[in-house]
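In the UniProt record's numbering, the protein residues as written are 1 to 91. C-beta atoms are modelled at their ideal positions from N, C-alpha and C, and glycine is treated no differently. I have placed the structure first, in the form of structure tokens, so that the comments after it can refer back to it.
Dropping the structure here:
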């Protein structure tokens, strides 16, 4: 990287979709993790992946129907709105 300092860590957001069921993730990628990946070794420190399944009233139905129910759709859309803060692009 020309002219930029290396970061010690970076929070990487992600969303997976299974049909109409979004699940939100946050992964902190550290320099140690990158070094381990580049060298093909395991990092000494455990890597933690944070997962958020929207807090709907009926989780068993959510996994099957996702955002089809209006009640669940409101909760999921609030999660999308809250997740925006992790999508800030670095200048």
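For residue i, the first and last residue of its enclosing beta strand (DSSP E)
i          : result
residue 51 : 49-52
Whole-angstrom distance between residue j and residue i, CA atom to CA atom
i          : j          : result
residue 33 : residue 46 : 9 Å
residue 35 : residue 8  : 11 Å
residue 21 : residue 37 : 30 Å
residue 88 : residue 79 : 16 Å
residue 76 : residue 18 : 14 Å
residue 49 : residue 58 : 24 Å
Counted within 10 angstroms of its Cβ, other Cβ atoms place residue i as buried (16 or more) or exposed
i          : result
residue 60 : exposed
residue 24 : buried
residue 14 : exposed
residue 40 : exposed
Start and end residues, alpha helix (DSSP H) containing residue i
i          : result
residue 71 : 70-83
residue 59 : 59-65
Sequence-distant residues of the same chain with beta carbon closer than 8 Å to residue i, five excluded per side
i          : result
residue 42 : 36
Cutoff 6 Å; reference residue i; Cβ partners in own chain excluding five residues on either side
i          : result
residue 62 : 56 and 72
If we require 3 or more residues per run, which beta strand (DSSP E) segments fall completely within the segment 7-37?
Those beta strand (DSSP E) runs which fall completely within the segment 7-37 and span 3+ residues are 9-18 and 21-30.
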